[in-house]
Each structure stands twice: as C-alpha cells, then as structure tokens.
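**Q** Sequence order for the protein chains is D and X.
The first sequence: position 196 = 196 (our numbering), numbered continuously.
The second sequence: position 646 = 1363 (our numbering), numbered continuously.
Every residue, glycine too, gets a C-beta built ideally from N, C-alpha and C.
Shown below is the structure under consideration.
2 protein chains.
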Amino acid sequence: MKIISNNFVLLIFFSTTIFAFSQTQGTLISDMNTLRWEKVLPGVWKASFGESGLNPFDYSAPSKTNAIKNLGEAPFPFDVDSTFYQLTNERATIRLPLSKTESIYGMGLEFNGLNRRGNVYTLKVDHYGGTMGYTHAPIPFYVSSEGYGVLINSSKRIKIYVGTANRKDGKQTKPIDRTTNPRDWEARPAADAIEASVQGSGLEIYIFGGITPLESVQRYNLFCGGGILPPKWGLGFWHRTPTAYSDEDIYQEIKEFEENRFPLHVIGLEPGWQNFAYPCSYDWSEERFPNPKEFLRNLKNQDIEVNLWENPYVAPTSSLADKIKPYVGSHTVWHGTVPDYSIPEARKILMSHHQKEHIDLGISGYKIDEVDGYDFWLWPDHASFPSGNDPVEIRQLYGLMIQKEITDHFKQQNKRTYGLVRSSYIGSPSQNFVIYSDYYGHKGYVTALSNSSLAGVLWTPEIRDAKSPEEWVRRFQSVCYSPMLLLNAWASKTKPWDFEGVTDIIRENVETRLKLLPYLYTAFYNYNQQGIPPFRAMVLEKGYLGTESLSDGALDDVKNPYAEKTKLEVTDQYMMGPSILVAPFFTGQTKRDVILPKGNWYDFYTGELVGNGNTITVAAKLEQIPLFVKDGGIIPMLASTDIFDEQNLEVRHYGQKQNHYLLYNDDGVSYNFEGGDFSLIQLQAFQDKNGKLKGKVKNSNSKDYRYNSINWIWMTY
Amino acid sequence: MKIISNNFVLLIFFSTTIFAFSQTQGTLISDMNTLRWEKVLPGVWKASFGESGLNPFDYSAPSKTNAIKNLGEAPFPFDVDSTFYQLTNERATIRLPLSKTESIYGMGLEFNGLNRRGNVYTLKVDHYGGTMGYTHAPIPFYVSSEGYGVLINSSKRIKIYVGTANRKDGKQTKPIDRTTNPRDWEARPAADAIEASVQGSGLEIYIFGGITPLESVQRYNLFCGGGILPPKWGLGFWHRTPTAYSDEDIYQEIKEFEENRFPLHVIGLEPGWQNFAYPCSYDWSEERFPNPKEFLRNLKNQDIEVNLWENPYVAPTSSLADKIKPYVGSHTVWHGTVPDYSIPEARKILMSHHQKEHIDLGISGYKIDEVDGYDFWLWPDHASFPSGNDPVEIRQLYGLMIQKEITDHFKQQNKRTYGLVRSSYIGSPSQNFVIYSDYYGHKGYVTALSNSSLAGVLWTPEIRDAKSPEEWVRRFQSVCYSPMLLLNAWASKTKPWDFEGVTDIIRENVETRLKLLPYLYTAFYNYNQQGIPPFRAMVLEKGYLGTESLSDGALDDVKNPYAEKTKLEVTDQYMMGPSILVAPFFTGQTKRDVILPKGNWYDFYTGELVGNGNTITVAAKLEQIPLFVKDGGIIPMLASTDIFDEQNLEVRHYGQKQNHYLLYNDDGVSYNFEGGDFSLIQLQAFQDKNGKLKGKVKNSNSKDYRYNSINWIWMTY
C-alpha cells in the first residue's frame, strides 16, 4: 500500500464535501460559541478557531486514508450544539460534553492509573515525576469508554479539566451540606464536560469516532500515519553497554554473552562513544573507538546492530558546532547550544553529519536522550529561537522533530531504523522509536504499557538493576513482553547472568519471547496497517469489564481531610497481540488476581482452561510470567531461538474454537513491504468431521516468505 | 504614626526626582533591552515595561514611607546595564544578574529548603504539594545573601529560573565531558542570572536594597504597609471545635478546658456553624446555634473570642446568594458560585452581610478556607468573571482580596481582627491573617516558619492530631513558638489532655509561651513599625554562618542517574523576637544539633552558657523545646499565665552584656496606637561600679501602659 495523500491534501479535498452542523448557538453556555465540525474522513471530524502555532502533523507521516476508510463510518459522538469554544486575550478554550458514566483514557504516557476523570492535566513534555500531565509523551488525545476519541491538535501546553470544571450554567447538581451529609459530600463533584485551554490564540480539535475505544484509537493511529513496523532485529535482545566502554570492552562483552549463552541483537553505545558528551560532539572518541568503521563491520558480521546514544545539545568542540551556530537558540543546555530543529536547514546539518559519521559506517539507529528534561536542565520557556517559533512549542515537539528526521532519513535509504527516545508527541505512531524513562517503578512501568496504547506511543520498561534475584527476574519478565527487550546497564554494568541462581530462568524467559517473533511481528504489522497497538490496555479489549472501584474515603484530618474517595484501578495486566493476556508479577508477590475478559481463557504454558469472564488468583512461580490465551488463540512461534532462523514454525492453538490467523512476513529490514513485498499466510484451525481440531495453511497473497515446516501444537488437547 | 501616602502618590512624587540610569544597551544580551530603574524611596527602585494586569498593591496597606526613609539609603545592587527585559507575543521576561556565590531565599511559603538556587519555580496559589512554586503564598519576592531583595509585582503566574537558565551570550563556563570527568560534570550548571517570565504583556519589578538580607526584608514589609500587630487575644490559645458541634457542645468544651486547667482565648467554629456549608450559606444553623447573639455574649463574658470558618463559595440557599449573583464567575466550586471580589460591590455585599450577621453579634474574625485549592477543586484557568479580569490573576489574589476586605472592615470599626487564611500574596504583611495548611509534615511546618519570614507572611504549624504522646508534645511545642498557638481539632476532636502522661508537659509549654506575651507582642510591634519579622529564618540573623553543604552525588542508575548533588540545609531552627533561638525536636530524636550564631548563647531555662558561633548537640528532654538566648538578651515575661493580667512583669536577662530593650504596650485591641496611644518602656540592664548587672526602667514616651511591678531575673548569675 502506497500512501500518497497527506493531511493538507485531505482537508482541502474533504472540506468540499463536509456536512456542516447546525449553527444554533448553545443555549446553556452563554459566554462560549458553538464549535463547527467538518468531516475530514469517515469517522473523523475537525473543528478549529483562531490561529494555531506549530502543527505536530508537520512532523508526522501522511495519514493512512484508505485504512481509515476501510474502518467505515462512525457516529458523531455529541449533540451538534453541545461543543463550544471561547477565545480571549489570554487563552483559547474548548468545552466538550461528558456523560455521567463515561470513563476517559489517554492524555499521554502516564505511569499511574487509567481513567483520567476527576483530574486536571497540564500536558507538558517533561521528565516524569510529580505534576499531573508532565511526562515524556503528554499526548493531548483521549478516548472515551463510549468509544469516541478526541485530539486537541496543539503544540502549546494544554491544560485539560477532565470532568472537574463545573459551570453555573452547566447541568446543575445540587450542592450537599457536608456537616449533615459527610459521606455524600464530594470534594470533586463530577462535571458534565471536559474543558481545556491553551495560552494561545486558537485551537484545532479532531474527533475520532468509534463504537469501541479500540476503534477510535485505530483511527487516531492511522491518522498519524499508522503504527510502525520495526525491523526484526529491533525485536531481539538489546543491551546498552557502560558509558566508558571501548571497542575492546565491547568485544569482550559480546564474548561473555556467547559464553553465557545469551542472545544479543543490538548493542547500544552510551555517551562515551563520543569524544565529548553532555553536551555532545557526535564525533567518535579516538581513544575508545579508534576505528569505528572496523568496529561496526565486526559487529555486523556477528549480526549485531549498533545504536548510538546522543542528546541534542551541541558541544563547542563538535565538528557540527560551527555549521549549526546560525540555527541555535538563546540558551544553552549543559553549556551546549540548542539547535532550532523547526528550521529544515538545521535538521539537514544534523543528518548529513550523522549520515557521514555514523550511518554510512553501519549505525542502525539512535537513542535520543534529554529531550524531555526538567525545567532546570533544558532551555527556559522564555528562550528565543531563530525561527521565531514559541520556545514552549519547540520544546513540546523537540523529541518528535528529531524522531521524524531520523525515521525519514533511514527510510530514504529504504532502511527501517528502531531506536529509543525520551519524549514524543502527536504524530508518534509513525516514528520508529520507543520511549524510555529514568523513572524506575516496576508497577508504573507496567501501567505505562497500558497507557502507551491509549496514547499512540511505544514504551519499554527497560531493566537497569535490581535489589534481589527475584526483582531481576520479575523485571526481566515484564520487559520481555514489551516493544523493546532492553537491558540498559550504562551505569550499573549489570549483566543478565549477574544474579545468583536465576540465570537459567532469565534465559528461558528471553528465549520464549524471541520465539514469539512471528506473532509479535504480525501484531506490529497490524499496528502499521490497522492502527491496532501491539501492546494494549485491557480497556481496549472486547469483553473486558472495567473493575474500577472507589476507596472508602474516610475522613482523616491528617491524611484525607477532604474525605476523598480514591479510584482503585487494575493496571497490572495488558494484552500483547490479538490473543495473549500478560499479567506480570512484582517482587514480593506470592499470588495475584487476573481479570479475564468474557470467553474461555487458557494458560499459555499448559493450555489448561483457567476461567471465563471472571477474576482468577494465580500463584507465583518465579520461572514464569503469567500469560493467558484466548479461546481459539493461534500463536505462531519460531522453533528455534534464533530470530534470524525462521525456517521452522510451531503454531500453537489454545482452547476449542475454530479460528484463523493471518501471519505476516517480509524481509524484516526494508520498506519494500509498502510496495507489496510481503507475505500473508493464513493459519486456519478447523474442526474435522469428528470435531477434532486440525490446522491448515494458505498463502493469502502472491509474495512468498514461506516456511520450511509449520507444526501445529494443540495446547488444550 | 499616621500613614497618609499610598503607592500611587509615592510614585508620582518620586518619579520627579529619580536618578535615571544609563540607557546603554547591554552588550552581552543581544535580544533583550536594558531595564530602566527609578528610585521611588531610599533603597527602593522600580522598573517596568508594557502593561500589567491586576496590581497586588491595590490589596495592600499604604507603604510606610517614613519607616523606609528611617532605614536610610542602600546601594543599588547591580551594574546599571546588567538588568534586562524582553517582550514577545507570548510573554514578558526579565533577567537580573546573579553572582557565583550568592544564595537566594524567599519565593513564598515553601515547606522545603531555604536557598532557592538551582531550581525553577512556577509561582501559583495552590494547595501545597508537588510542583515547585505551587503553595499557599507563592510570593514573587526573593532576597539575596548579598543583602538586596527583588519583587516581581505581577498577579500572573511567574515562572522563575533561579540561576539555572544559561544563555549562550552569558558569562561562559566551559562544558565538561561527563565520560572522562564524571565527578566534575554537573546536571545543573550554575547560571549567572535569575530569569523570570509571565504569560502577559508587561511586568513591574522592585528592588529593595539592603546591606543585609534582613534590611531588604524590612524594606519589602514596610513597602507593603508594615507587618501587622495582632490583638493580644490573638496571641492566646486557639481551639477549633469539631465541625458539627452546637452551642451546648461548646459550653461543655469550655467547661472541660477549665476543669483541665487549660487556657482558652479563641474558639474557632468550623463549617457546621452554618445552615449549609461547602459551599457556604454564611447563615447560622438554627439547629446548632439557635441564638448566636446570646452564645457570643456568653463566650465574651468568659473572655473568649469567636472566629468563624468559611470558604468563599456561595451556596444557592445563602441569604447572600441572590445579591451576589450578578457578580459571580462562570464556574462553580462545590456547586457554589464564585464571587468576583475584584469588583468593590461584591466585596460590599459580603461585608454588609457579615457585619450584620456576625460582627455585630461579636465575631472577632474569620478563617478563610479553600482560597488555595487544587485545580480540580477551584475554578479553571479559562473561567470568566464579570469584571473581565484574568481568572488566573483573580485566583492568585483571591485570598489576599478577602483578607484585605476583612482587615479593613474591622479597622474601620477600630478593631484589630486576627484570623486564618489558606492563601496570600504580595501585600500580605499588612493583613491580619495567619496562613495554615492541610500539609502536616512537622519538619516542613518548622521550615515554613523560616520561609514565612522571607515572604512577608505569618504561618502557624497548627496541631491536629498525633500518633503518640511524644509527637503530641513535640508538635505542641513547635506551635507554641509561632504566630498562632492553634489546636485545630475540627475532625479529630482531640483535646490537649487526650494523650496519656503528657498533659502537664503540654500545659507548662503553653503557659511559658503565654507568659512571653510582652516579648512577643513587642516583636510584632517591631514587625509593624520596622518590618522585622517576629519569627525569622536564621539567614536573617547577624553572625549566623550558613551551613549549606552538598551531598556526595554518587551515580546511581535508579536513584540518581544524573549524579546530582543534593543541597543539605539546616532548616530546623529559627529566631523568635530579637533574642530567642528556637530549636524544636521532632518525634524520635534523642538529640539534635543547633548552630549558634556568633556571640555567647545561653539556655533559656537555666541561663547557662551553651556556646558561641559553634554547633552544639542538645540531648532531648520531652518537657522542653530547646530555646537559647543571645548574650544580653532581655526577655519581659508576665508573672501570671493570664494574658489579660499584665500587672506584674518578670524581666529575664541572659549572659553578661549590658543591654536595653524597648517594651511596647497598648490597649491590645484597637488601632489607637496608630494615633500614639501606646507606651514604650525602656528596660535597661547595666553594670554597676562593681560590675554587677542591675536593671533600670524608663518610660520612653508620654503614654502610660505601666506595670505594677517589674522584677529583674538575672538568669546567668
């Protein structure tokens, strides 16, 4: 499928055929105006007023319009005269209705909770920690439990009141006397709207319709160009070496991996590969890497890709420094200059240096650090940049701009890159990057896997270190079921086999994940083609009943003076691909609950039936991370643990349902699949005359990435 | 002293005699303009550009110009062409220089640390917790260890970078390669300036000169009208009764205080005195208070004042509701309307109701709650108000507006009120209110006592509850040495005698504090007349050597990936009045260090010499909070624990120095002191021919608030 249109073309094309909603002034909201919506694609509407600043969609891939069209129509989610805007000297505001029972998900890569109702978020790219809405990817996209999604398309910091701002002319609820009705009184009475504003002179808003939340997430992802398809090596084992390591240290490290029988697909070099870092020179350290070309060739010969760490702040000694100088902002970061990457020439300077110094030598991607940063590290809000763009907007888009430049640069060479980044924004689905964080809460890391799917980003709960063998295993297991299996030992120097007595367990968990490559790769293909996130929050899963409850909210003059009830949410389980439910254990747990969606569910390891639409309790086994498979789940796995050896497949089937599964394959590295160079093989489990399940394989298209052998394994028989 | 001038008169008067600084463009900062400073009073300069919004000084008392003049001249702290501003579409920015070794204090009522360097604050009135700069009194005033102070006079949220924003054209420091010099590399390289901005179209900045930090604090306080002098009863024992208590419950409570021999000077009624609360009716509950007039008369007869809790959100059933309706904003808080108190008519409606319903009946003051509030409780940033003022500015000033209205209203009746409030802003020194918080960290409460003096506010570390008798004692001791001795048992219902075995200790601590009334009252007089905070950070004390140090800053990939060194500051001791150093114990401590400023210091209880300019270690005694007195310290105390019985004084003298002390007294309730109706008695300790210390008493002015007996106690002999 070749994408030829882009957003701008789209808007012009569709605005001639829009259906305009009634222009009746909303009677309730006296000081606001009614928003006027245009349909831009089936199930996608846009409204705007005033002037917006930098457009995030300038840093996104073109929308996958055909894929959106294939999803068909969706109902417009609101009454026509119930959406509002206001423009004052100070800010641009919108108001969208909210029903009483609706849950609201999304608002970016949060590490806590799922349902955002009752909170206020200031969506700002920042080092995570503390202020609500400050995070690595504060995507102003939310999805309602009623199915629709909303994107506020602004690069300003958006302040969004998720059902908390009550208007005197909104749907009135009677106040409650706290003295006589202390248990009924609420510190945060629910409001009948989501209200949001920016300090700017306009806004653009999109509605992505959907009957289910997943459908609106798909529309959003496709509108951002569809999800990425990583190169196959990107789904292998990543290891980031200590920062001061030399080429010789790394050769030694690779040898140790071999000796310990651990797979190794990507080596990440940390700051010390450069002759100056923090700020960065982007030039090789002659001392530690006297011959980078040879070094990279040696690693390539062992099928190991190399990824380079960098941050965007330019050291005065860099070979880039003079060229970039006319394009830098007023302030420095770690005494390095800050290129204005909203200027194409600045991006060109960066990439032509990187092409010559890194990519031509064999570098396969980058880790872009410090694009999130606390305010006391990065440039201030009042900095100035040569483009004249708002420094706050540049900061919001900085990580996205660099991702887009690198992704596109590799694409021009028909190579898929895969890398790491610390910040992202609207447009992230089509960037070949995974987000990581210095925040290191294991539970938060798992919650983020759910939230990433509601925000159009990929997230890795990377491993750095652990305080016990148990924690080492539990963290390793979680990262195995994420978009990037990454050990980041830049500072700790920890190796996978460093914890007594658990090395075999770690190895087995890694191997299981590697064997799942065909299943995972196909899930990414569906992300690319249909916008279905490969790792998904349970709330995107059919038949999953939310389990939100409220705490008691007892008055405590010290701990809870407002007697607030706290939302209790289940955030410790998620879906991987179409059929696997992942339910990680955390250190210290001896058992845990798992909520199963409707339908029969089976133990991944044994094929046993475990439940149906109920909550089960699972006893902890250190060796295993609990994985459950849907009835009829078809899981193609490699017979070998070598991800580059795809000759022999084992196809597992769980439960008793007949089912079929489209297995995707391609060359694993290029963009030729966009021109049709891929295979889609239908794996079909059907009941024969005797009611016995049998497997059938059918090529669905002409291209041939076939396997030597495909063995069916009937897990539940 | 009668104050006749106000700021506006001042500015006009002085701007005719200003000395204009050189208009030379700063050569370093290419994209900024040089600020032009006008001298408005000796040691006070002003610069402004563009348009500001609401002026906090409209909600402050007139400046005490004579008192400022009495402080004499002070040097202008900067090079004339080293201060800058910039005005863009998005924001107004200033830049003021900062030397390498300077410490910066202030930025409002913070509960952590003292030196603000290296951090970024967004100064926003908010429920304390989390975001830097969000606090009850985010005063944009700072004072440098070099002596001068700076006020950014804006009601917008100010974002201030305290020595963190480095410019490429600032004083350059060389970057450091982290790989080869990991210990020298700094995550937050120090900048040579303080930079601040608002999202608005102009700013006004004041410099308050000073040779010492205290001097600039004094100038700031006096510019805001000088500190307040509370009524004497306000320095007595406050008790807030449980919210659903009736008049009969309170009579019973008072009886219990008598039976347990605990003093009681103010009863605070919590929400339930009203017939509707959260939002508020401001009307008495007929059920719980059928005859408020009689109730108040009964309490008055027992010398007990009554303070009423309220928040500013108006219940639909309030007798105020209809009258205030034309003046309320677009949004509700707890379904109550939000009056626009920037409109004089709205304030008038409030006060005429309060006069008739409360003050005429004998109410002496208010506790204004919920003017700080989280974003998910209060009105949103995009709300609209009938005045057309920015809702963000109204929020910043809301607590101040109400304080000012109540303070002035009582003043018109020649009564000093004293109350509690949850938020304040520039102009706070002249409001008769003390700030409190739901945050309940004991250490943070003590740190806030220091920071309050650097922000021109009063703060009470009120007691609510404790987990052990020890904690109960330790918290009680801290609150004894604060501007308001307050037990806030609205929810816990705890009584002072509720903890086994420590009731006598509590009573003795309270009694000691009450006996200190003459000393404390005089300290407040000096706050009023000279702007000297009665409770002060050690950094405002002469001879105190800062003890800031840095943590090791070891690299830890989980806990400290940027190898940041943490500031270690001493924030657990402070000054009360001219001579007493307070060093509270916290639960669990068996000993603590106390840093003594230069000069001899003596134990308050024994008169023993404890040290001189050194750090001493004090062993914990549950009965006592460590108090130390300066050499020559003269401490006038009541002989009785009855604060209304001032006939007999005991004057303690510590150490060996001759000294004199001006003891202030007046009627304790009215503003007649402003017309000269007060006494100033000189207490003089002098050495006779034999070198023996003797005491002398001399009336310094004609007015007579003399005592029957004044007994000198030579503590160190």
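May I have the straight-line CA-CA distance separating I1351 (chain X) from E1228 (chain X), to the nearest angstrom?
**A** Distance between the alpha carbons of I1351 (chain X) and E1228 (chain X): 19 angstroms.
**Q** Closer than 7 angstroms between beta carbons: that is the criterion. Which residues of the stretch 1110-1143 of chain X meet it against chain D?
**A** So the list is empty, because no residue satisfies the distance condition.
**Q** Do you know whose CA, among X:M1068, X:P1029 and X:E1074, lies nearest G1053 (chain X)'s CA?
**A** Closest by alpha carbon: X:P1029.
**Q** Please report the straight-line C-alpha distance between F257 (chain D) and F1303 (chain X), rounded to a whole angstrom.
**A** Cα to Cα, F257 (chain D) sits roughly 52 angstroms from F1303 (chain X).
**Q** Which residue marks the beginning of the beta strand (DSSP E) containing N1205 (chain X), and which one marks its end?
**A** Here the beta strand (DSSP E) through N1205 (chain X) covers L1202 to N1205.
**Q** P461 (chain D): which of D:S478, D:S450, D:L454 and D:L550 sits nearest, CA to CA?
**A** Minimum Cα distance to P461 (chain D) is reached at D:S478.
**Q** Closer than 6 angstroms by C-beta to I211 (chain D): which residues in its own chain qualify, once you throw out the five before and the five after it? Chain order, please.
**A** Result list for I211 (chain D): G147, in chain order.
**Q** With a cut-off of 8 angstroms, does the C-beta of T744 (chain X) fall near any C-beta of chain D?
**A** Below a pLDDT of 50, predicted positions are generally treated as unreliable, and T744 (chain X), at 44, falls in that range; the measurement from the model is reported next regardless. It does not; no Cβ of chain D falls within 8 angstroms.
**Q** 8 angstroms is my cut-off, CB to CB: does E819 (chain X) come that close to chain D?
**A** Not closer than 8 angstroms to any Cβ of chain D, the Cβ of E819 (chain X) fails to qualify, so no.
**Q** Whole angstroms is fine: what's the gap from L662 (chain D)'s alpha carbon to L520 (chain D)'s?
**A** Going by the C-alpha atoms only, they are around 12 angstroms apart.
**Q** Less than 7 angstroms separating the Cβ of E146 (chain D) from some heavy atom of the ligand COA?
**A** This structure lacks the ligand COA, and indeed carries no ligand of any kind.
**Q** Spatial neighbours of N1131 (chain X) within its chain, please: C-beta separation below 8 angstroms, excluding the five flanking residues on both sides.
**A** Hits under 8 angstroms: S1387, Y1388 and N1389.
**Q** Of all Cβ atoms in chain D, is any one closer than 8 angstroms to the Cβ of A737 (chain X)?
**A** For A737 (chain X), the predicted structure reports a pLDDT of 36, less than 50, and the residue's modelled location is therefore unreliable. A value from the coordinates is still provided. Cβ-Cβ to chain D under 8 angstroms: no for A737 (chain X).
**Q** Would you mind stating whether N1407 (chain X) and F1395 (chain X) have Cβ atoms separated by less than 8 angstroms?
**A** Not closer than 8 angstroms, so no.
**Q** Flag T741 (chain X) as yes if its beta-carbon sits less than 8 angstroms from any beta-carbon of chain D, otherwise no.
**A** Here the model assigns T741 (chain X) a pLDDT of 38, short of 50, so the residue's position is not dependable, and the following value carries that caveat. No, no contact with chain D.
**Q** Return helix, strand or coil for I928 (chain X), following the three-state DSSP convention.
**A** I928 (chain X): coil per DSSP, three-state reduction.
**Q** What residues from chain X crowd round K243 (chain D), counting only those whose CB sits closer than 7 angstroms?
**A** The sequence as given places Thr at residue 243 (chain D); Lys does not occur at that position. The answer, in chain order, is T896.
**Q** For a contact meaning CB atoms closer than 8 angstroms, what does D381 (chain D) contact in chain X?
**A** Near D381 (chain D) (Cβ distances below 8 angstroms), the residues of chain X are R808, K876 and S914.
**Q** Counting beta carbon pairs with one atom in the stretch 1124-1138 of chain X and one in the stretch 1267-1277 of chain X, are three or more of them shorter than 8 angstroms?
**A** At 8 angstroms Cβ cutoff, the stretches do not touch.
**Q** Could one say the Cβ of G985 (chain X) lies closer than 8 angstroms to chain D's Cβ atoms, at least one of them?
**A** Not an interface residue.
**Q** Excluding sequence positions up to five away, which residues of its chain have a Cβ less than 7 angstroms from the Cβ of I1119 (chain X)?
**A** Around I1119 (chain X): P1029, Y1058, I1085 and V1088.
**Q** By a C-beta neighbour count over all protein chains shown, 10 Å radius and 16 as the cutoff for buried, is S1108 (chain X) buried or exposed?
**A** As written in the sequence, residue 1108 (chain X) is Pro, which differs from the Ser given in the question. It counts as buried.
**Q** If we ignore side chains and look at the alpha-carbon of each, how far apart do F111 (chain D) and Y445 (chain D) end up?
**A** C-alpha separation (whole angstroms): 6 angstroms.
**Q** For the stretch 1012-1040 of chain X, which residues have a beta carbon sitting closer than 8 angstroms to at least one beta carbon of chain D?
**A** Per Cβ criterion, the list reads A1032 and P1033.
**Q** So which residues on chain X does N119 (chain D) lean against when the C-beta distance must stay under 7 angstroms?
**A** Here the neighbours are F1093.
**Q** How long is the line joining the alpha carbons of V837 (chain X) and T1164 (chain X), rounded to whole angstroms?
**A** Between V837 (chain X) and T1164 (chain X), the C-alpha separation is close to 19 angstroms.
**Q** Bridge partners of A47 (chain D), per DSSP?
**A** DSSP lists D:I205 as partners of A47 (chain D).
**Q** Spell out the partners DSSP gives I681 (chain D) in its beta bridges.
**A** For I681 (chain D), which the question treats as bridged, DSSP gives the partners D:L663 and D:N699.
**Q** Comparing the C-beta of R188 (chain D) with each C-beta of chain X, is any distance below 8 angstroms?
**A** Interface residue, yes.
**Q** Are V125 (chain D) and P138 (chain D) closer than 8 angstroms when you measure CB to CB?
**A** Yes, they are a contact pair.
**Q** From L752 (chain X) to T800 (chain X), what distance separates their C-alpha atoms?
**A** Each residue's Cα considered, the two are about 6 angstroms apart.
**Q** Please confirm whether F766 (chain X) has its beta-carbon closer than 8 angstroms to some beta-carbon of chain D.
**A** With 8 angstroms as the cut-off, F766 (chain X) does not count as an interface residue toward chain D.
**Q** When Cβ atoms are compared, which residues of the stretch 1172-1205 of chain X fall closer than 8 angstroms to chain D?
**A** Cβ contacts with chain D come from R1181, D1182 and N1205.
**Q** Buried or exposed, going by whether 16 or more other CB atoms sit within 10 Å of the CB of H660 (chain D)?
**A** By the neighbour-count rule (16 or more Cβ atoms within 10 Å), H660 (chain D) is not buried but exposed.
**Q** Along the stretch 545-574 of chain D, where does the CB come closer than 7 angstroms to a CB of chain X? Name the residues.
**A** So the close ones are L555, D557, V558 and P561.
**Q** Just to confirm before moving on: does the CB-CB distance between S352 (chain D) and E204 (chain D) stay below 8 angstroms?
**A** No.
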